[in-house]
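Sequential numbering from 377 applies to the sequence shown in the working numbering. We put the beta carbon where it would ideally sit given N, CA and C, even for glycine.
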Amino acid sequence: MKRLSILVALATMFSLTLFSQEKPKNQTAYQFTTVKELPVTSIKNQSKSGTCWSFSTLAHLESELLRSGKGEFDLSEMFIVSNSYYDKADRYIRSYGKISFSGGSSFTDALTIIKQYGIVPDSVMTGLNYGEKIHAHGELDAVTLAYVNAIEKNPNGKLSTAWKNGFKGILDAYLGAVPEKFTYKGKEYTPKSFASMLGLNCDDYISVTSYTHHPFYTKFSLEVPDNWRNDLSYNVPLEDMMSIFDYAIENGYTVLWGADVSEKGFTRKGIAVVPEQEVANMNGSDQQKWIGKTPQEIEGKLNTLDEIIPERVITQQDRQIAYDNLLTTDDHGMQIYGIAKDQNGNKYYKVKNSWGTNAGFEGFWYVSETFVKYKTMNIIVNKNSVPKQLRKKLGID
377 MKRLSILVAL ATMFSLTLFS QEKPKNQTAY QFTTVKELPV TSIKNQSKSG
427 TCWSFSTLAH LESELLRSGK GEFDLSEMFI VSNSYYDKAD RYIRSYGKIS
477 FSGGSSFTDA LTIIKQYGIV PDSVMTGLNY GEKIHAHGEL DAVTLAYVNA
527 IEKNPNGKLS TAWKNGFKGI LDAYLGAVPE KFTYKGKEYT PKSFASMLGL
577 NCDDYISVTS YTHHPFYTKF SLEVPDNWRN DLSYNVPLED MMSIFDYAIE
627 NGYTVLWGAD VSEKGFTRKG IAVVPEQEVA NMNGSDQQKW IGKTPQEIEG
677 KLNTLDEIIP ERVITQQDRQ IAYDNLLTTD DHGMQIYGIA KDQNGNKYYK
727 VKNSWGTNAG FEGFWYVSET FVKYKTMNII VNKNSVPKQL RKKLGID
């Protein structure tokens, strides 16, 4: 038994560091070679819930724990979701219903929850108290929204002392009660003491974005519905933002990535590109084979990916236009943990998603540098993973 335990432990460590090498052979025309890859924990599945922000934040922090030598942990996404819902309900009532109220939220919200309330292992709070084996929040989202809307109307002319307990009762019924104390590996913790044991300092993490409607090298509150806490992001030029991705990965830090994946170029096959619809703009492509193809034919190639798709050249202005026209929104949160290249030398980022192992390359994606330039809403990084000159320019200690 002791020998078996040692073998299992070694196998776990091996699979953790070489996770991407176990992915199935790519069935598209794309052939990828890993340039740099960082350790990540196992793929999770948010299933039928709008909680990517919680899943991706914890994926990022779990990699931070691996990087810092703390070991492998599986942290509770639903602990964060429950506390976020409770705080959001309070803000919703105080703002007379003027903030977005849904299952969606932001990376910075998740970090705020951990800072204020702590965190627990997933085994302590799975959030599956409603007869399902997977997360399915349609009913929960509808019930909580109906509840806060009823309270916001203030039918008694004065809010009762019961409404918060009533709302908490809904959360507890669906997600389970937030534990005051729990035992993990033989030791008793509170959520706060567990976070302290992990060594998580949420003040070490900053949000960075790149838009021209605010001055560069300043901070502003990103104008998206899920940023209901009005948290601030550092605003930098596109080239500076992209430099953070590479500097972070090269120095052992993963990147928490907020992006819009509603584009058709973000495929279920595990590859994301920004197809060029105008032949004259096809950067570095064999234009001859694409001459005469209609936009519909080019789009059709996204369904098969049976050849390398020529991509647009993305500028700062392209990003801004998409944001201003609401073509780029705070759609999805993921974790970037590596860099790869295709057979033509094009650069991609390796992405851990939270859609289970049946999507993409067993849950992982290859996202082109072009897509990242175009569709990144914001990123969260450890402040120590920002290039030193940029940190100095931003006034980050």
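Residue i in three-state terms, based on DSSP
i      : result
Leu778 : Since the first and last residues shown for the chain are 377 and 773, residue 778 lies out of range.
Gln711 : strand
Phe455 : helix
Pro567 : helix
Phe774 : For the chain, the structure presents residues 377 to 773; residue 774 sits outside this window and is missing.
Ala538 : coil
Ile647 : strand
Phe592 : coil
Ser744 : strand
Tyr629 : coil
Val727 : strand
Glu687 : strand
Phe642 : strand
Leu386 : Because the pLDDT at Leu386 is just 41, under 50, the model does not fix this residue reliably, and the value given afterwards should be weighed accordingly. Helix.
Phe737 : strand
Val519 : helix
Ile490 : helix
Glu654 : Because Glu654 carries a pLDDT of 43, less than 50, the predicted location of this residue cannot be relied on, and the following value inherits that uncertainty. Coil.
Asp616 : helix
Gly545 : helix
Val762 : coil
Phe375 : No answer is possible for residue 375: it lies beyond the span of the chain, which begins at 377 and ends at 773.
Cα-Cα separation between residue i and residue j, rounded to whole angstroms
i      : j      : result
Arg605 : Leu414 : 31 Å
His590 : His436 : 28 Å
Gly634 : Thr680 : 26 Å
Ala387 : Thr427 : Residue confidence is low: Ala387 scores 42 on pLDDT, short of 50, so the model does not pin down where it sits. Its coordinate-derived value is still stated next. Cα to Cα, Ala387 sits roughly 31 Å from Thr427.
Ile772 : Lys759 : 7 Å
Lys561 : Tyr406 : 44 Å
Gln422 : Phe431 : 7 Å
Ser452 : Val496 : 6 Å
Thr404 : Lys645 : 8 Å
Gly480 : Gly732 : 18 Å
Asp718 : Ile456 : 37 Å
Pro601 : Asp636 : 14 Å
Lys412 : Glu745 : 14 Å
Met618 : Lys424 : 32 Å
Val743 : Asn541 : 44 Å
Trp429 : Gly676 : 31 Å
Asn505 : Ser418 : 23 Å
Ser439 : Ala571 : 15 Å
Thr409 : Ile690 : 24 Å
Thr559 : Phe592 : 47 Å
Ile712 : Pro531 : 47 Å
Val748 : Tyr629 : 17 Å
Leu547 : Gly503 : 9 Å
Residue from the options whose Cα sits closest to the Cα of residue i
i      : options                           : result
Tyr699 : Leu766, Thr427, Thr585 and Ile684 : Thr585
Glu626 : Lys424, Asp463 and Pro763         : Pro763
Asn722 : Arg695, Pro686 and Trp731         : Pro686
Asn603 : Met753, Asp450, Ile546 and His511 : Met753
Thr433 : Phe483, Gln492, Gly514 and Ser478 : Phe483
Ile647 : Tyr493, Glu438, Lys749 and Val727 : Val727
Met454 : Arg688, His511, Thr409 and Thr488 : His511
Met573 : Ile490, Tyr587 and Ser619         : Ile490
Val500 : Leu598, Tyr523 and Ala553         : Ala553
Asn577 : Ala486, Ile469 and Glu448         : Ala486
Tyr461 : Val612, Lys544 and Met710         : Lys544
Leu766 : Ala716, Phe737 and Phe621         : Phe621
Lys534 : Ile469, Tyr493, Gly709 and Gly494 : Ile469
Thr588 : Glu599, Ile582 and Lys640         : Glu599
Tyr610 : Tyr623, Ala624 and Thr594         : Thr594
Asn720 : Glu683, Gly514, Gln693 and Phe740 : Glu683
Ser638 : His513, Gln696 and Gly709         : Gly709
Lys640 : Leu614, Leu678 and Ala538         : Leu678
Asp579 : Asp607, Glu556, Lys768 and Phe596 : Asp607
Bridge-paired residues (DSSP) for residue i
i      : result
Ile582 : Val757
Ala512 : Lys424
Ser597 : Leu608
Thr809 : Coverage of the chain is limited to positions 377 through 773, which leaves residue 809 absent and any answer about it impossible.
Thr752 : Ala635
Pro497 : Leu451
Contact test: residue i Cβ vs the ligand ADP heavy atom, cutoff 7 Å
i      : result
Thr488 : The ligand ADP is not part of the structure shown, which contains no ligands of any sort.
| query | At a cut of 8 Å, does the segment 562 to 572 reach the segment 515 to 527 through at least three beta carbon pairs? | reply | no
| query | Three or more C-beta pairs closer than 8 Å, one from the segment 459 to 469 and one from the segment 521 to 541: is that the case here? | reply | Contact holds: three or more Cβ-Cβ distances are below 8 Å.
| task | Specify whether the segment 737 to 755 and the segment 704 to 713 touch according to this definition: at least 3 beta carbon pairs, one from each stretch, less than 8 Å apart. | result | yes
| On the three-pair Cβ rule with 8 Å, is the segment 443 to 452 touching the segment 472 to 479? | no
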